[in-house]
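See structure below.
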Amino acid sequence: MQLDSDLPRNAAAPAKAEEPIIRVRDVVVGFGDRIILKGLSLDVMRGEILGFVGASGGGKSVLTRTILGLAKKRSGTVEVFGQDLDTLSYAERRVLEQRWGVLFQQGALFSSLTVRQNIQFPMREYLDMSPKLMDEITIAKLEMVGLSPDTAEKAPSELSGGMIKRAALARALALDPEILFLDEPTSGLDPIGAGEFDELISTLQQTLGLTVFMVTHDLDSLHTVCDRIAALGDGKVIAVGPIETMMASDHPWIKAYFHGKRARAAGFGQEGRR
Amino acid sequence: MGAAEAPLLATARNGRELVFVGNGRWIAAQSQALEGAVDAGVAELATAPAESARLDLSGVRSLDTVGAVMVDRLVRALEDAGVRMQVVGLERRFEPLLNEITKRSRENPPRKKHINAIVGAVQIVGETVSGVGSDGKLFLGFVGSVVLATLRVAVKPHTFRWTSMVYHLERAGLRAVPIIALITFLIGCIIAQQGIFHFRKFGATTYVVDMVGILTLRELGVLIVSIMVAGRSGSAFTAELGSMKMREEVDALRVMGFDPNEVLVLPRLVALIVALPLLTFIGNMCALFGGGLVAWLYGGISPEIFLNRLQEAIGLNTFEVGMIKAPFMAAIIGLIACMEGMRVGGSAESLGSRTTASVVKAIFLVIVMDGLFAMFFAAIDM
Numbered sequence: 150m151q152l153d154s155d156l157p158r159n160a161a162a163p164a165k166a167e168e169p170i171i172r173v174r175d176v177v178v179g180f181g182d183r184i185i186l187k188g189l190s191l192d193v194m195r196g197e198i199l200g201f202v203g204a205s206g207g208g209k210s211v212l213t214r215t216i217l218g219l220a221k222k223r224s225g226t227v228e229v230f231g232q233d234l235d236t237l238s239y240a241e242r243r244v245l246e247q248r249w250g251v252l253f254q255q256g257a258l259f260s261s262l263t264v265r266q267n268i269q270f271p272m273r274e275y276l277d278m279s280p281k282l283m284d285e286i287t288i289a290k291l292e293m294v295g296l297s298p299d300t301a302e303k304a305p306s307e308l309s310g311g312m313i314k315r316a317a318l319a320r321a322l323a324l325d326p327e328i329l330f331l332d333e334p335t336s337g338l339d340p341i342g343a344g345e346f347d348e349l350i351s352t353l354q355q356t357l358g359l360t361v362f363m364v365t366h367d368l369d370s371l372h373t374v375c376d377r378i379a380a381l382g383d384g385k386v387i388a389v390g391p392i393e394t395m396m397a398s399d400h401p402w403i404k405a406y407f408h409g410k411r412a413r414a415a416g417f418g419q420e421g422r423r
Numbered sequence: 148m149g150a151a152e153a154p155l156l157a158t159a160r161n162g163r164e165l166v167f168v169g170n171g172r173w174i175a176a177q178s179q180a181l182e183g184a185v186d187a188g189v190a191e192l193a194t195a196p197a198e199s200a201r202l203d204l205s206g207v208r209s210l211d212t213v214g215a216v217m218v219d220r221l222v223r224a225l226e227d228a229g230v231r232m233q234v235v236g237l238e239r240r241f242e243p244l245l246n247e248i249t250k251r252s253r254e255n256p257p258r259k260k261h262i263n264a265i266v267g268a269v270q271i272v273g274e275t276v277s278g279v280g281s282d283g284k285l286f287l288g289f290v291g292s293v294v295l296a297t298l299r300v301a302v303k304p305h306t307f308r309w310t311s312m313v314y315h316l317e318r319a320g321l322r323a324v325p326i327i328a329l330i331t332f333l334i335g336c337i338i339a340q341q342g343i344f345h346f347r348k349f350g351a352t353t354y355v356v357d358m359v360g361i362l363t364l365r366e367l368g369v370l371i372v373s374i375m376v377a378g379r380s381g382s383a384f385t386a387e388l389g390s391m392k393m394r395e396e397v398d399a400l401r402v403m404g405f406d407p408n409e410v411l412v413l414p415r416l417v418a419l420i421v422a423l424p425l426l427t428f429i430g431n432m433c434a435l436f437g438g439g440l441v442a443w444l445y446g447g448i449s450p451e452i453f454l455n456r457l458q459e460a461i462g463l464n465t466f467e468v469g470m471i472k473a474p475f476m477a478a479i480i481g482l483i484a485c486m487e488g489m490r491v492g493g494s495a496e497s498l499g500s501r502t503t504a505s506v507v508k509a510i511f512l513v514i515v516m517d518g519l520f521a522m523f524f525a526a527i528d529m
């Protein structure tokens, strides 16, 4: 999918680039003696796809988990939809959690439920819907992520890696979230599957007006779908901006990342690719 | 939302044309009302025929997947009835979503059917009965492969995993000592108390020593310890092997040329076979101690008399009968636990059901074995 980043990609997200939907300020996270995030600050704008890169073990997943409330931070604030997550009551928090969807790295589909039950699980919990409508929605979501309706009755253990990611994405989208967190969505997929998945995310982002926060290592994903990229180094965001900013950066790690052999193989820095 | 708000879907007729006007928020939170409105709109068609219909969505302020599916349901129902359908006025920002939804197929694969409760019950009984047979076959197969692994290791003893065995010996044996000691001590106390309470009526209080001795050394000591070990270590073995199986660690061993039976099962099995007799001995002593204590404090039988009486009443064979059984119980528990662990499939649920099965089967077989041993020892007069 060719995208022209000058044009607003999604009319459903007004006031883009003005309003941070996620605002992370001076977040410190550590385990024992090891400090992973050392005062990290980051804004994610409404309606954008933000790619988050960093060395393995550098704390990319830790930041995602911190925003989601799965990891405890030592200090700093995380605001989502303009609300400070630490000040929310239990009920407010549950309301907020319906407005984001998460795709875990391994999918995290409930293995004792079928795909249909997996997708309907959040719907049953949060919405008062007739079974007929839930089935219709389930099929619609499955088709949106590129799975055929007969996947619905399968158990997660019967699915291939790519199908698990798609089914998990359908579950993440079950409640029509505004923010979608993706943890290495294309890892473990073949290049064709990864390319299709990138395209899918881009299409869904436009159709559903999503804001996407994507942790990834896939240079192709960064190149084709991300509006902006944030690079994590030494517990902080060392650079943030569109791909051009990354290419122009002098930071040694960013240079190694975007100008390395694999980056060149992926066509970075070559004219005429875009 | 004000009370004066226009209905989600208003229906009107204009000659032979049906006019639907959508309003407000077509979102998941409104799903009940939406579904009602749309189904009422579809029902409107039945009251009088219509040639064409127009759906005006200019009043729709927000639309999500649920809303789009409802629009689509209305459109499809009318089109299926042969009505020409025209959708107008939808805000441009919602168009991609609606287009995506209208592409969806009409298929809805049927859910797996629920069967009648009685038929289901009969079916479960049948499956269980046939399951016993196939379980037995699997167990024999597993025992065979473990025996083969044992023979391979016996030929080359240096391939035995001593470190792993000692580790499991510590976990299944040493760490179990406190709880085993406590429980058998209490059992000894209870038997002695009950014995004294009833024997007192006949003035045969001292016979309580015989009862405590024979009962604990011959039967109860080994049985209680086996049941405890099945619950404590058997379940742990099943869960460990099961989660290794789930995460393909067992397959990894196999492709590296290791036999999982040799690497995983054998050390656990040997550790259990060594640990259980030791635990049984400790259990027996604690039970006798408990019995002696109660006999002294509650029955007035002094420790000297208790020990003298014990020596007269109990032959070495009584002690031996209990101890001989212990390694066999250990083998049964270990084999069942490891076999069930290796049978775990892909899901967390199967891990749970296998662990349960492991404990239940192990305890059941331990008691069956005890019965067989009782018959055997009676036959050889031991």
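If you read the protein sequences in the order shown, they are chains A and B.
Heads up, the first sequence is in our numbering, so the first residue is 150 and it goes up one at a time.
Heads up, the second sequence is in our numbering, so the first residue is 148 and it goes up one at a time.
Ideal Cβ positions, reconstructed from N, Cα and C, are used throughout, including at glycine.
Since the structure is predicted, the reported quantities are computational estimates derived from the model, not experimental observations.
Here's a check: name, in chain order, each residue in its chain whose Cβ is nearer than 7 Å to the Cβ of Ile330/B, leaving out the five neighbours to either side. Ile371, Met375
Please specify which runs of the beta strand (DSSP E), each continuous and at least 3 residues long, are wholly inside the segment 365-400 of chain A, giving them in chain order. 377-382, 385-390
What residues of chain B sit near Leu308/A, judged by a beta carbon separation below 7 Å? Result: empty, since nearest Cβ-Cβ is about 10 Å, beyond 7 Å.
Between the C-alpha atoms of Arg258/B and Phe259/A, what's the straight-line distance to the nearest angstrom? 18 Å
Is the beta carbon of Thr352/B sitting closer than 8 Å to the one on Ala484/B? no
Short check: CB of Ala323/A to CB of Ile268/A, under 8 Å? Yes. Within cutoff.
Please list, in chain order, the chain B residues whose beta carbon lies closer than 7 Å to that of Met278/A. Ser178
Nearest chain A C-beta to Gly488/B closer than 8 Å, yes or no? At a cut-off of 8 Å between C-beta atoms, Gly488/B does not count as an interface residue with respect to chain A.
Ile289/B: which of Asn408/B, Ser500/B, Glu467/B, Leu245/B sits nearest, CA to CA? In the sequence as presented, Ile is not what sits at residue 289/B; that position holds Phe. Closest by alpha carbon: Asn408/B.
Alpha helix (DSSP H) containing Asn246/B: first to last residue? DSSP places Asn246/B inside the alpha helix (DSSP H), whose first and last residues are 242-249.
Taking 8 Å as the threshold (C-beta atoms), are Ala343/A and Asp325/A in contact? no
Output the boundary residues of the beta strand (DSSP E) element that contains Asn267/A. Segment 264-275 is the alpha helix (DSSP H) holding Asn267/A; no beta strand (DSSP E) there.
Nearest to Glu226/B by alpha carbon, out of Phe523/B, Ile452/B, Pro196/B, Gly404/B? Pro196/B
Which residues of the segment 246-273 of chain A have a Cβ closer than 7 Å to any Cβ of chain B? Give them in chain order. Only those residues of the segment 246-273 of chain A whose C-beta falls short of 7 Å from the nearest C-beta of chain B are listed: Ser260, Ser261.
Grouping DSSP H, G and I as helix and E and B as strand, with all else coil, what is Gly320/B? coil
Give a yes or no on contact between the segment 197-208 of chain B and the segment 160-172 of chain B, applying the rule of three or more CB pairs nearer than 8 Å. yes
For a contact defined as C-beta to C-beta under 7 Å, what are the partners of Thr356/A on chain B? Within chain B, the residues whose beta carbon sits less than 7 Å from that of Thr356/A are Pro243, Leu244, Glu247, listed in sequence order.
Checking 8 Å against the spacing of the C-beta atoms, do Ser210/A and Asp347/A come in under that value? no
So that I know if they touch, is there some Cβ in chain A lying closer than 8 Å to that of Gly493/B? yes
How would you label Glu317/B, buried or exposed, when you count the other beta carbons within 10 angstroms and need 16 or more for buried? With fewer than 16 Cβ atoms within 10 Å of its Cβ, Glu317/B is classed as exposed.
Locate the beta strand (DSSP E) running through Val202/A, then write down its first and last residues. 198-203
Does any CB atom of chain A fall closer than 8 Å to the CB of Asp211/B? yes
Limits of the beta strand (DSSP E) - the one that Phe167/B falls within: Segment 164-173, the beta strand (DSSP E) holding Phe167/B.
Alpha helix (DSSP H) containing Ile184/A: first to last residue? From DSSP, Ile184/A is part of no alpha helix (DSSP H) but of the beta strand (DSSP E) over 183-194.
Which of helix, strand or coil does DSSP assign to Met516/B? Correct three-state label for Met516/B: helix.
Does the contact criterion of 3 or more C-beta pairs under 8 Å hold for the segment 505-521 of chain B versus the segment 398-417 of chain B? No, they do not touch.
Exposed unless 16 or more other CB atoms sit within 10 angstroms - verdict on Ala525/B: Flag for Ala525/B reads exposed.
List, in order along the chain, the chain B residues whose C-beta lies closer than 9 Å to that of Lys290/A? Thr212
Taking the DSSP output, what are the residues bridged to Phe307/B? Answer is none; Phe307/B lacks a bridge partner.
Pull up the CB-CB distance for Ala418/B and Ala264/B, whole angstroms please, since I reckon it's below 8 Å. Incorrect: roughly 45 Å between the Cβ atoms, too far for contact.
Using only alpha-carbon positions, find the residue among Val227/A, Ala257/A, Lys221/A, Leu219/A that is nearest to Ser175/A. Checking the sequence shown, residue 175/A turns out to be Asp, not Ser. It is Val227/A.
Keeping to the same chain, check which residues put their C-beta closer than 6 Å to that of Arg248/A; ignore five residues upstream and five downstream. Pro326, Glu327
Top-ranked residue by Cα proximity to Phe407/A, from Gly384/A, Asp383/A, Ser370/A: Ser370/A
Give me whichever residues DSSP pairs with Ala344/A in a beta bridge. Just to set this straight, residue 344/A is Gly in the shown sequence, not Ala. DSSP lists no partner for Gly344/A.
For Ala215/B, does the count of other Cβ atoms within 10 angstroms reach 16, so buried, or fall short, so exposed? buried
Check whether the segment 348-364 of chain B and the segment 488-498 of chain B are in contact - that is, three or more C-beta pairs closer than 8 Å. Counting Cβ pairs under 8 Å, fewer than three are found: no touch.
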